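**Q** Handing you this structure, nothing more for now.
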Amino acid sequence: MESTTTPPQAESRDIKVTILLAGGHQYTLPMKSNSQLLLNLLKLIVAQSDPQNQNVSRLLQLPINGKQQGLWFTSQNLIGIITEPPMFMQPQQQQPADAAS
């Protein structure tokens, strides 16, 4: 069974997102709370917590320093995400496969 999450259904707001990378590196970016980039990063964190996905790596690029630079790294180096104010993911209820018939 695949674990998925959905962001809380709230209006978009400005948040500070700190990306924590291996080796103690971190980068803080302004984002909208409903940003597709933020959602993708959160999905990567959730996917990496699944033992079946731990050897899967993706190449990521983030705009940094006011979009004047690009930061490239692999998803294996993504350690965590801090959001200010806090954002919490809610587990998505899975429907049984035979419920669709």
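Going by our numbering, the sequence shown opens with residue 552, and the numbers climb by one from there.
Where is the CB? At the ideal position from N, CA and C, for every residue including glycine.
All values derive from a computational prediction rather than experimental measurement.
Counting only the same chain and skipping the five closest in sequence on each side, list residues whose C-beta sits under 6 Å from that of Leu-613.
**A** Taking the sequence shown and counting its residues from 1, one reaches residue 613 at position 62. If the five residues before and after Leu-613 are omitted, its C-beta is found closer than 6 Å to the C-beta atoms of Leu-622, all from its own chain and listed in chain order.
**Q** Applying the 10 Å Cβ sphere with the 16-neighbour rule, what's the burial state of Val-568?
**A** Position 17 of the sequence shown, counted from the start, is the residue given in the question as residue 568. The residue is buried, with at least 16 neighbouring Cβ atoms inside 10 Å.
**Q** For Leu-610, is the classification buried or exposed, using 16 other Cβ atoms within 10 angstroms of its Cβ as the cut-off for buried?
**A** The residue labelled residue 610 in the question sits at position 59 within the sequence shown. Per the 10 Å Cβ criterion, exposed.
**Q** Would the beta-carbon of Ile-615 fall within 9 Å of that of Leu-571?
**A** Translated into positions along the sequence shown, residue 615 becomes position 64. Translated into positions along the sequence shown, residue 571 becomes position 20. Not in contact: Ile-615 and Leu-571 (Cβ atoms no closer than 9 Å).
**Q** Please go through the same chain and pick out, in chain order, the residues whose beta-carbon is closer than 7 Å to the beta-carbon of Gln-577, but skip the five residues on each side of it.
**A** Along the sequence shown, one-based indexing puts residue 577 at 26. Its chain contains Thr-569, Ile-570 and Leu-571 as the residues whose beta carbon lies nearer than 7 Å to that of Gln-577, once the 5 sequence neighbours on both sides are disregarded; these appear in chain order.
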